[in-house]
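Q:
In the numbering used here, the protein residues as written are 13 to 136.
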C-alpha cells in the first residue's frame, strides 16, 4: 500500500467481526498448504474492506517459478539488467525496487537474488 492508501485505511478503520476474522485467519493455513485458489476466494470476498489482499496474494503466486525456472522477481531482475544493459546492482536495484514495490524486498534480499542470477545464468 502507498502512504496515501495507508493513511486512508487508518482513517477509515473498522472493526473486524468474529466470522470475518476467522475467515481471514484461514489465509495462513491455506498459504501453508499452497491452496492459492481458496486464498483468492477469501481475498475476493473481502476485497471491498481489504483491497490489498488480492494484489498481495497474486504477487505471492507470481513468485512461483514458471517454465523458465524463475519467479516474477527473478524474471524482472533479469529483464531490468537486459533493458538497462548493466549488471551494476545499485542501478538495477533502484529500478527493480520501484517497479516491484509490492514485494517490499530490501536491498540485501534483492542482492542475494541478483548474485544467484549472475552466478547461475549466462550473465556472469
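Quick reminder that beta carbons are idealized off the backbone N, C-alpha and C, glycines included.
On the three-state DSSP scale, how would you describe residue 28?
A: Within the chain shown, residue 28 is the residue found at index 16, counting from 1. In this structure, residue 28 counts as coil in the three-state DSSP scheme.
Q: Rounded to whole angstroms, what's the CA-CA distance from residue 40 to residue 99? Just pull it up for me.
A: Residue 40 sits at position 28 when you count from the first residue of the chain shown. Residue 99 sits at position 87 when you count from the first residue of the chain shown. Rounded to the nearest angstrom, the two C-alpha atoms are 37 Å apart.
Q: Kindly indicate the opening and closing residues of the alpha helix (DSSP H) around residue 49.
A: Counted from its first residue, the chain shown places residue 49 at position 37. Looking at the DSSP string, the run of the alpha helix (DSSP H) that includes residue 49 is 48 to 57.
Q: Just the Cα atoms here: how many angstroms apart are residue 72 and residue 116?
A: For the purposes of this step, residue 72 is taken as the residue at position 60 of the chain shown. For the purposes of this step, residue 116 is taken as the residue at position 104 of the chain shown. Rounded to the nearest angstrom, the two C-alpha atoms are 12 Å apart.
Q: On the premise that residue 58 lies in contact with residue 65, defined as a C-beta separation below 8 Å, what is that separation, rounded to the nearest angstrom?
A: As a first step, residue 65 is located in the chain shown; it is residue number 53 there, counting from the start. As a first step, residue 58 is located in the chain shown; it is residue number 46 there, counting from the start. Right, their Cβ atoms sit about 6 Å apart.
Q: Mind reading off the beta-carbon distance from residue 108 to residue 96? Whole number of angstroms is fine, and I expect it under 8 Å.
A: Working through the chain shown from its first residue, we reach residue 108 at position 96. Working through the chain shown from its first residue, we reach residue 96 at position 84. The pair is not a contact, with the Cβ atoms about 10 Å apart (cut-off 8 Å).
Q: Just verifying my parser: in three-state terms, what is the DSSP assignment at residue 76?
A: Within the chain shown, residue 76 is the residue found at index 64, counting from 1. If DSSP states are grouped into helix, strand and coil, residue 76 belongs with coil.
Q: Helix or strand or just coil, what does DSSP make of residue 116?
A: Sequence index remark: in the chain shown, residue 116 carries index 104 (1-based). Residue state, collapsed to three classes: coil.
Q: Thinking residue 77 and residue 112 are a contact (beta carbons under 8 Å), I'd like their distance in whole angstroms, please.
A: One-based indexing of the chain shown puts residue 77 at position 65. One-based indexing of the chain shown puts residue 112 at position 100. About 16 Å separates the two Cβ atoms, so there is no contact after all.
Q: Is any beta-carbon of chain D found at less than 9 Å from that of residue 49?
A: Protein chains in the displayed structure number just one, and chain D is not present.
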